[in-house]
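One structure is given here, and the rest of the page talks about it.
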Amino acid sequence: MHAAALDTPELPPRPGIAATRIAIGLAQGLVLHLLYRAALDLAWPATMPRLFVPLLMVTLLVPVIVINGLGQMTPRRLLLWAAGAAGIVAALAFYDVWRMEGAWQPPNGPKPRGPEPSPQLCVFLAAGFFIAHALVLAAALEGRRIASYGAYFEIAWKLGVQLAFSVLFVGVTWLVLQLGAQLFLLIKLDF
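Residue 1 is where the sequence shown starts when you use my numbering, and the numbers rise one by one after that.
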């Protein structure tokens with residue numbers, strides 16, 4: 001570990017962080033499931049893309065920021081960061097829908113679409129908030145507005161490794177599920 005990271009003040013351990021993370025993850029999953037069902041059934045809020053897409057994007061990104069920031073940032077700073085991130089995500093998602101609905105239409109421009117965010121919005125929001133979260137987290141851990149280069153480096157790599165392991169875990173889980181499904185098909189079990 002880098003010497004600058006060793007000098008950062010540690011937050012006192014708070015009990016219940018794991019339970020809070022699980023609760024946030026379950027709430028995120030529930031809201032995403034409800035939004036998915038609304039999109040399949042063409043029910044409210046999926047019938048209003050200017051509401052649905054911001055809700056979807058906020059539900060996808062902000063809980064991840066909160067889960068990662070728990071135990072590393074003070075509750076007040078984490079709440080401010082999550083609220084700011086939610087506002088930025090909602091505003092950009094609203095603008096994405098507004099623009100694609102024809103509010104700004106160049107010749108042969110984008111056509112109206114269903115209640116889903118554009119791929120560009122998803123990619124650039126994820127990349128932008130990965131960078132922004134690393135900056136905010138490093139500053140919070142050092143207790144300064146602008147952290148040292150070493151802190152930025154450590155946090156960015158830590159988040160990158162966490163992201164890589166998360167993708168690996170999800171990939172392996174999906175492979176195991178697909179293997180199980182193929183084994184059930186092999187013995188002619190159908191659900």
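Idealized CB from N, CA, C, for every residue including glycine.
Around the beta carbon of Phe-169, a 10 Å sphere encloses fewer than 16 other beta carbons of the protein chains shown; the residue is thus reported as exposed. Here Thr-59 is buried, its C-beta having at least 16 other C-beta atoms within 10 Å.
Classified as buried, Phe-52 has 16 or more neighbouring CB atoms from the shown chains inside 10 Å of its CB. Under the 10 Å beta carbon count, His-133 is surrounded by 16 or more other beta carbons and is classified as buried. Annotation for Glu-101: no alpha helix (DSSP H) segment contains it, and DSSP assigns it neither H nor E. Judged by DSSP in its simplified three-state form, Ile-146 adopts coil rather than helix or strand. In this structure, Met-57 places its C-beta atom within 7 Å of the C-beta atom of Ala-93. The region 120-128 and the region 81-97 touch, with no fewer than 3 CB-CB distances between them shorter than 8 Å. As the crow flies, the alpha-carbon of Thr-20 is around 12 Å from that of Val-64. Counting the other CB atoms within 10 Å of its CB gives Pro-15 a total below 16, which places it among the exposed residues. Assignment of Gln-28 by DSSP, reduced to helix, strand and coil, places it in the helix class. Trp-81 counts as buried, since no fewer than 16 other beta carbons sit within 10 angstroms of its beta carbon. Restricting attention to Ile-146, Val-89 and Ala-38, the CA atom closest to the CA of Ala-126 is found in Val-89. Here DSSP, grouped into helix, strand and coil, assigns Gly-171 to helix.
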